[in-house]
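Engineer:
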């Protein structure tokens, strides 16, 4: 193992040396479109931004080479899947605006070496290669045997805008709510799915000459696809997705933003026209002709988030509280609000030093594991559903938090900014599959827990930008079997094509 790791590191260094002459783009935390708490959006955070007025802009070109030494690992990388070994990604494109019409073409191309790595030996009596083994979920653990090459339209969109009202067709990624690392309902963990968006940008609502504050309302109508590694039933390959995202920032308390998010999905073979209104109300026409209850053909997740942001003092705190599947009667929620719940809580603090540096400290904790109420009443595992068997996924990747079903995490990040340079440090703890552990393992010595330490640097030199990232992860009892050590390295370069 040590010999393999040494040879791979030598190969990586050699390729990185060649790549230094390439041109590319580096973003904060090496993500193509990072989550920015100061964005104009209140809740549904777009990956695409447009300049005011008519324009045409060439996007900076990104070449990024990354490496995993022992197992597949990656978070919030959008369409790019990073297996074991080397992964090369290229991103670029252009955007423009002409009157009410705006457009973006920003595709992603990547190739992953996808070297074989250890998979769980046997779960639930059988082993199915490449699949997630701990629940019935289309969460691909390895895209085939050998190199994996893929093209994705990425952050591409056609949009019409009338004042604050917008309508668009897109495959771009969104994140919903205030969380940075693990948004529960909608994140950038996987590639964006094709969808139609109907909604607004933040707008002021005045009622009887009283300004109530800022509002934001968006609906998504999309199509989720099954991966090539789940099952051979062609009738269930696609699911209809309907999402509603509402946010409110009071005029009398502009520091606070309250948001509600709801996502529903069902197999397209059960789709009915009235399902377009499912985020408001689920209708039962009685004409579907199957024996499945209408409420069960849909699966839903919903969350309520609160953000407290003080820009002048550089402080932001937030909470997202989510429920999985339908709650039933209100009295049940009042008695047991912890049933089927998940949450993310976090904060950011920015400090200006005497030397002119800005230090940003952020911490985020997420809990997706079930509460003890599952012991005496049915409670689904997060992102898993018995009828929509692929779960809350698109093309084999999760739509929500990357830590996955039953996951818990703590994520500490420190960034130091000065002029044209950013240095970052990361400490992270992830407990994987706790729901499976509690039911099936029940051995305190076999918790599947990963600790990670990371470092990254981004630097601007003239018109070029360079970035380097490293994360060392120790996974105790990976897949509840044995310990594993993974080294992640990445190098990215960028050049501005439109100055």
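In our numbering, the protein residues as written are 44 to 542. Even for Gly, the Cβ is constructed at its ideal location relative to N, Cα and C.
#1: Given that a residue counts as buried once 16 or more other Cβ atoms are within 10 Å of its Cβ, and exposed if not, what is residue 105?
#2: With distance defined between alpha-carbon atoms, name the residue in 481, 113, 103 and 258 nearest to residue 137.
#3: Measuring straight from C-alpha to C-alpha, what distance separates residue 272 and residue 172?
#4: Cβ-heavy atom distance between residue 427 and the ligand FAD below 7 Å?
#5: Does residue 313 pass the burial test, meaning 16 or more other C-beta atoms within 10 Å, or should it be called exposed?
#6: Quick one: what's residue 99 bridged to in DSSP?
#7: According to DSSP, residue 509 sits in a beta bridge with which residue or residues?
#8: Which residues mark the beginning and the end of the beta strand (DSSP E) in which residue 257 is found?
#9: With DSSP as the reference, label residue 183 as helix, strand or coil.
#10: Do residue 121 and residue 151 have their C-beta atoms closer together than 8 Å?
#11: On the three-pair Cβ rule with 8 Å, is the stretch 206-217 touching the stretch 290-299?
#12: Tell whether a beta-carbon distance below 8 Å holds between residue 342 and residue 319.
#13: For the beta strand (DSSP E) that contains residue 359, what are its first and last residues?
#14: Going by beta carbon distance, what residues of the same chain come within less than 6 Å of residue 91, once the five residues before and after it are set aside?
#15: Assuming residue 509 and residue 536 are in contact, meaning their beta carbons sit under 8 Å apart, how far apart are those beta carbons, in whole angstroms?
#16: What residue range is occupied by the uninterrupted beta strand (DSSP E) comprising residue 284?
#17: Are the C-beta of residue 391 and some C-beta of chain B separated by less than 8 Å?
#18: Expressed to the nearest angstrom, what Euclidean distance is found between the alpha-carbon atoms of residue 126 and residue 278?
#19: May I ask you to report which of helix, strand or coil DSSP gives residue 458?
#20: Specify the secondary structure class of residue 425 as computed by DSSP and reduced to three states.
#21: Residue range of the alpha helix (DSSP H) that residue 240 falls in?
#22: Decide if residue 428 is buried, meaning its Cβ has at least 16 other Cβ atoms within 10 Å, or exposed.
#23: Grouping DSSP H, G and I as helix and E and B as strand, with all else coil, what is residue 396?
#24: Nearest-angstrom Cα distance between residue 465 and residue 361?
#25: Are the Cβ atoms of residue 411 and residue 449 separated by less than 8 Å?
#26: What are the residues that DSSP puts in a beta bridge with residue 188?
#27: Do you know offhand how far residue 513's Cα is from residue 500's?
#28: In this structure, how does DSSP classify residue 432 when only helix, strand and coil are distinguished?
#29: Among all the DSSP beta bridges, which residues are the ones paired with residue 85?
Structural biologist: So, from the listed chains and residues:
#1: Buried, since its Cβ has 16 or more Cβ neighbours within 10 Å.
#2: Nearest C-alpha to residue 137: 103.
#3: The straight-line gap from Cα to Cα measures roughly 8 Å.
#4: Summarising the ligand content, the structure contains no ligands, and the ligand FAD is consequently not present.
#5: With a threshold of 16 other beta carbon atoms within 10 Å, residue 313 meets it and is buried.
#6: Answer is 139, bridged to residue 99.
#7: Paired residues: 502 and 536.
#8: Per DSSP, the unbroken beta strand (DSSP E) holding residue 257 starts and ends at 253-268.
#9: Reduced to three states, the DSSP call for residue 183 is coil.
#10: Note that the C-beta distance between residue 121 and residue 151 is below 8 Å.
#11: Segments in contact, no.
#12: Judged by their CB atoms, residue 342 and residue 319 are not nearer to each other than the 8 Å cut-off.
#13: Counted as a single uninterrupted DSSP element, the beta strand (DSSP E) harbouring residue 359 occupies residues 358-367.
#14: The residues are 147, 198, 200 and 215.
#15: Right, their Cβ atoms sit about 5 Å apart.
#16: From DSSP, the beta strand (DSSP E) with residue 284 extends over 281-293.
#17: Among the chains of the structure shown, chain B does not appear; only one protein chain is present.
#18: Straight-line measurement puts the Cα of residue 278 at about 29 Å from the Cα of residue 126.
#19: In this structure, residue 458 counts as strand in the three-state DSSP scheme.
#20: Three-state DSSP puts residue 425 in coil, outside helix and strand.
#21: Boundaries around residue 240 are those of the beta strand (DSSP E), 238-243, since no alpha helix (DSSP H) includes it.
#22: Its Cβ being crowded by 16 or more others within 10 Å, residue 428 is buried.
#23: Reduced to three states, the DSSP call for residue 396 is coil.
#24: The alpha-carbon of residue 465 is positioned some 24 Å away from that of residue 361.
#25: Residue 411 is a Cβ neighbour of residue 449, given a cutoff of 8 Å.
#26: None, per the DSSP bridge assignment.
#27: About 9 Å.
#28: When secondary structure is reduced to three states using DSSP, residue 432 falls in the coil class, being assigned neither helix nor strand.
#29: Looking at the DSSP assignment, residue 85 forms no beta bridge with any residue, so it has no partner.
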